[in-house]
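First to last, the protein sequences are chains A and B. Letter by letter, the first sequence follows residues 6 to 177 in our numbering. Letter by letter, the second sequence follows residues -7 to 189 in our numbering.
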Amino acid sequence: MARADQPAVPADPTIEPAPGSGSEPAPPPTPPPEVDGPVLRAPIRTKQIVIDIPGERSRSNKLALAATTAAGVLVGGLGLYWHLDSRTASNEVSSDTFTGHAWSAADEAQVARADRSRTRAAVAYSIGGAFITAAIVALIVTEPKSEQSVIRPHASVEPTTGGAVVGGMWSF
Amino acid sequence: MRAHWLVGLVFAACSPDIAAGSYLCGPEQLCPEGQACNGVDNTCVLPTQVEPFACPDSQDPAGDDAPSAGQLIDNLTCVSRTSESKGCLLQNDVADWYQFDVPGNCTAVQIEARLTFPIAYEPLVLQISSMDGPAGPAETACPSTTFPDEGEAIRCFKLVVENGSHHAIGLVHQGSEDCHGACANNRYTLSLQLSTP
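Structure representation (structure tokens):
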């Protein structure tokens, strides 16, 4: 909002034609107005500022998401451990050429270990994957909505003796 | 399809991949799952490739079931060469006996016997009979430098004997670890020599 006081401009003087001239005299030039104080020559235009304020997740939401992700990573890590253990046990007995070695109860145990770890790895991968998927879905579903805020600036010019005070205000 | 291939790649390495013929048969014809013991060469093969246990007639002579009727190992000297006898002890065979004489002119003499056989079939036990007497167990610790080949077991026997004595070494069934009778036979190699103790 802008406001400026303007001093009153004196009215044009009345000019009367000289007697006997017979013609209408040309109007005299309008003298510039005499102003003592500052004059606002251009109006201050206010413009709205729109700001998007992203919503913030609550602490409990963050904790829940972090816990679910951590659980997924942890269980997936266990799955990786069992996966590698299964591969190790499997590689110890796997062969495509004659080994010269007699099949033994220890080899049977390696096969059983490979199968056991393989099953555990599959289960852990499934559970870990479910946790990670749940965390992603929850991250999307619980995303807080952003808010819009409008800022309306106000400028003012206050003439003072020998100058002016320029000020600004914002309301929102 | 691609996901299926990826899952297969990840888990394929987690299952043992054992080609037929990779392993010798273990105790009591133990083999990897999906394979069986081949009776000819004691290797683990596909069940469709299995051949039954077989033994040439020459390695299973009849009538050697008693010490006095054992196959003769002759020409042993006080410090003899190693006499090696290959044979089979079938399920319906009680024992295989080998008899020999100790020379009478030795300063001191001992019997050294070594028996090796595949672990895939019923283990064998050594016995000794001196001067056609009763048979008794004959097994002593093998020398620390003696190791059986892979897939085989070894039995050793050492005994100081008198000059001019007569002895018989026999091989009998152990009576256990015979696949409930399904593998109650075996091939063997008996090494015998006389030496100075």
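Note that beta-carbon positions come from the ideal geometry of N, C-alpha and C, so glycine has one too. Here the structure is a predicted model, which means the values were calculated and not measured.
Mind reading off the beta-carbon distance from residue i to residue j? Whole number of angstroms is fine, and I expect it under 8 Å.
i       : j       : result
S121(B) : A160(B) : 4 Å
H88(A)  : A135(A) : That belief does not hold up - the Cβ atoms of H88(A) and A135(A) are roughly 17 Å apart, past 8 Å.
G82(A)  : P149(A) : In fact, because the Cβ distance is near 30 Å, the residues do not count as touching under 8 Å.
A176(B) : E114(B) : 5 Å
T102(A) : S14(B)  : 7 Å
Is the Cβ-Cβ distance between residue i and residue j less than 9 Å?
i       : j       : result
S122(A) : A94(A)  : yes
A127(B) : P59(B)  : yes
L16(B)  : G105(A) : yes
P95(B)  : L186(B) : yes
L184(B) : W89(B)  : no
D120(A) : S99(A)  : no
I166(B) : V101(B) : The sequence given here has Gln at residue 166(B), not Ile. No, these two residues do not count as a Cβ contact at 9 Å.
E142(B) : T108(B) : no
C171(B) : E20(B)  : yes
N178(B) : L22(B)  : no
A105(B) : G18(B)  : no
A169(A) : L70(A)  : no
I137(A) : G77(A)  : yes
For residue i, is the classification buried or exposed, using 16 other Cβ atoms within 10 angstroms of its Cβ as the cut-off for buried?
i       : result
V146(A) : exposed
I58(A)  : exposed
L68(A)  : exposed
Q41(B)  : exposed
W175(A) : exposed
T132(B) : exposed
T35(B)  : buried
V116(A) : buried
Q53(A)  : exposed
Looking at the structure shown, is residue i part of a helix, part of a strand, or coil, going by DSSP?
i       : result
L83(A)  : helix
Q27(B)  : coil
E113(A) : helix
Q83(B)  : coil
W175(A) : strand
L89(A)  : helix
G134(A) : helix
D49(B)  : helix
G143(B) : coil
R157(A) : strand
K67(A)  : helix
R73(B)  : coil
G96(B)  : coil
L68(B)  : coil
Q53(A)  : coil
S135(B) : Residue identity differs from the one stated: residue 135(B) is Pro in this sequence, not Ser. Reduced to three states, the DSSP call for P135(B) is coil.
L59(B)  : Going by the sequence as given, residue 59(B) is Pro instead of Leu. DSSP places P59(B) in helix when its eight states are reduced to three.
L144(A) : helix
Opposite residue i in the DSSP bridges: which residues?
i       : result
S121(B) : A160(B)
I58(A)  : E152(A)
H172(B) : H172(B) is not bridged to any residue.
F149(B) : A105(B)
L116(B) : H165(B)
V37(B)  : A28(B)
T165(A) : G168(A)
I10(B)  : S100(A)
A119(A) : DSSP output for A119(A) lists no bridge partner at all.
T181(B) : K78(B), T108(B)
S187(B) : Q102(B)
P129(B) : Q119(B)
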